[in-house]
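Here full-length UniProt numbering is used: position 101 in the sequence shown is 101, and no number is missing along the way. Where a beta carbon is used, it is the ideal one built from N, C-alpha and C, also for glycine. Contents: one structure, followed by commentary.
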Amino acid sequence: MADITDRIHRMSYSIERLMAISGTPGVAIGVMIKDNPISYNNHGFRDVERKLPVTEDTIFPICSLTKGITAVGIGLLVEEKRVSWDSLIKDILPDFCSVNPVLHNNTTITDILCHRTGMGWGDNAILGTADLSSGHSVLNLATTTSTTNWLALSFNDALENASTVPIDFLRMGDGGYGAASGGARSSVKDLVKLYSSFIKGFNTQFSGSATPDDGSPLKQLNHIMSAKIPFNQPSQHEASSAFGWGKVQLPGRFGHIGLNPALLLDMPTIGRGTSSLVLFHQGSLPGSLTFVALLPETETVIVVLTNSLALNDAADWIGQLIIEDIVNVPSELRTDFIGLAQAAVAKNLKCHSQIVDDKLYWLMYGLETEMFELVHYHEDTFTWLQPRDELVSRGRWVRSGQGATFWEVKFEASESATIDKLIWVPDSELPPMAYTKTRE
């Protein structure tokens, strides 16, 4: 195998093309294979105006990569027998109060960590001041995938009290939104160190020979990183969700946790001609897209951090590009990630609508910072859709899968012909939300 630094360097042209197509100003990449030196490959700027380059020490939001870290934090509590994977959320978090009694009385740690609660995405559409989802149930509880922020409530308490095992490079704070589900920040340099512990623990604990000195401070990884629910079916090979991880056996399809599937008819099957197991996860927040992949067989860690909520999931494409090189996919079977990225951007740009100059506004949660123009659409229906760049600049999480109704509000009148009600459908799988006017 050629030196990994040289191999990553040879991908620089493709990486920078993917950045340019998506609109990504900066990316930090870290790759480690077994005990070889870590290879860092950084492109673009962390500060475009001041032309400050991205380095392996640049701090990024790591978004939903935090979910796997939350899982191992709870794994330490399970190892110490302070909780179990089947512990009820209502017994751990007294403030947990779902409007659905089935969810309230039966939701466990396992249900939350592998996204099988059946809860709607709710507050994730709004990202408002309340950390808690309203907890409506949708579809089949066993198969519906959605993310909630319940565990964010006591994330710092859990990490501080979980164990005396030190992770000396971990820097924590409690001032961010949704820490457990995606509010942490880190660098490529720190994350490669962390994920090397995941790899070592995974291989040792699945071998059946795990000891307290197995080289990893992380426990319960054979449970955390085993399949819990299938996704992206039908699939010839493994495609499943664990606790904060996806698992795919090559050849297979990736991206299910990210933004690209909503922009393409089908995600590509990558890694053709190979058979490696890959554990991966992705993340997205306003201003950042992230990707991590672990290949246990070769003890390979791949981390990609970017600083833009781009027109496609650039971190995903870059991560998949590196995977195909690491597993030595024959040249004639390599995936055209450049073409896929261009197709995804073309689809995304079709979502734009023209905004007219009107002066009616609505305020989410009554906050001046969350004030959006309402533009007449038809009859008593208005839209708050704005150009994508405007929404992203205001920190909105924008994706194509939100649907038309998310951007529409309808006014209704009383019997006296006075407008007294506003109807909004933030989640197409849930009943409309009705807001009634109570005073002038």
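Buried or exposed: which applies to residue i, given that a residue is buried once 16 or more other Cβ atoms fall within 10 Å of its Cβ?
i    : result
H281 : buried
R394 : exposed
S414 : exposed
Y40  : buried
G419 : Here residue 419 is Ile; the residue named in the question, Gly, does not match the sequence. Looking at its Cβ environment, which holds fewer than 16 other Cβ atoms inside 10 Å, I419 is exposed.
A434 : exposed
S275 : exposed
H115 : buried
P432 : exposed
H352 : For H352, the pLDDT reaches just 38, beneath the cut-off of 50, and the residue's location in the model is therefore unreliable, leaving the point undetermined.
V48  : exposed
T436 : exposed
A28  : buried
D190 : buried
G68  : buried
H43  : buried
G183 : buried
L77  : buried
S416 : exposed
With distance defined between alpha-carbon atoms, name the residue in the options nearest to residue i.
i    : options                   : result
S226 : S187, L277 and G183       : L277
L65  : L279, N348 and H9         : L279
K247 : K34, P234, K228 and G183  : K228
Q236 : D190, P217, G208 and T269 : T269
T405 : A417, P230, V425 and L391 : V425
V304 : I33, E56, I4 and P387     : E56
K219 : K90, S207 and F198        : F198
T300 : R17, P37, V27 and L18     : P37
T108 : P101, C97, L93 and S87    : S87
V188 : G26, L385 and R7          : G26
K410 : P387, S416, H378 and Q386 : H378
N106 : L363, V72 and I89         : I89
G54  : S308, S331, W245 and E80  : Looking at the sequence shown, residue 54 is not Gly but Val. Residue S308 is the option with its Cα nearest to V54.
W245 : F291, S331, Y13 and G339  : F291
N348 : L285, P387 and L363       : P387
I338 : R7, T5, P217 and Y13      : Y13
In angstroms, rounded to a whole number, what distance separates the CA positions of residue i and residue j?
i    : j    : result
S22  : T306 : 11 Å
T110 : L52  : 42 Å
G283 : I257 : 7 Å
M11  : A20  : 14 Å
N328 : F45  : 30 Å
T369 : Y361 : 12 Å
A293 : I15  : 17 Å
V356 : A341 : With a pLDDT of 37 at V356, under the threshold of 50, the predicted position of this residue should be treated as unreliable, though the coordinate-derived value follows. C-alpha separation (whole angstroms): 31 Å.
E373 : I423 : 16 Å
M267 : V392 : 25 Å
A314 : L289 : 7 Å
P230 : F202 : 20 Å
I74  : Q233 : 29 Å
V83  : I92  : 9 Å
W397 : V72  : 27 Å
K200 : T70  : 18 Å
D389 : R50  : 21 Å
W85  : F96  : 17 Å
L295 : S196 : 11 Å
H376 : L385 : 11 Å
If you check the beta carbons only, do residue i and residue j fall under 7 Å apart?
i    : j    : result
Q205 : L194 : no
T24  : A310 : yes
N260 : D316 : yes
E412 : T383 : no
I33  : T381 : no
F254 : I224 : no
G273 : L333 : yes
Return the chain-ordered list of same chain residues with a C-beta closer than 7 Å to the C-beta of residue i, the five sequence neighbours on each side being excluded.
i    : result
V345 : I21, S22, L311 and N312
G271 : L250, P251, G252, I323, E324, V327 and V329
L185 : It is worth fixing the name first, because residue 185 is Arg in this sequence and not Leu. Around R185: I59, F60, P61 and I62.
V192 : G30, M32, I38, V301 and V303
N286 : Here the sequence assigns Pro to residue 286, which means Asn is not the residue at that position. Same-chain partners within the cutoff: L309, V392, G395, R396 and W397.
Are the C-beta atoms of residue i and some chain B residue less than 7 Å apart?
i    : result
P261 : Any reference to chain B falls outside this structure, which holds one protein chain only.
Starting from the C-beta of residue i, find all residues in its chain whose C-beta is less than 6 Å away, skip the five residues before and the five after it, and write them out in chain order.
i    : result
I318 : I15, L18 and V304
S240 : A227, P230 and K247
G403 : S428
D6   : none
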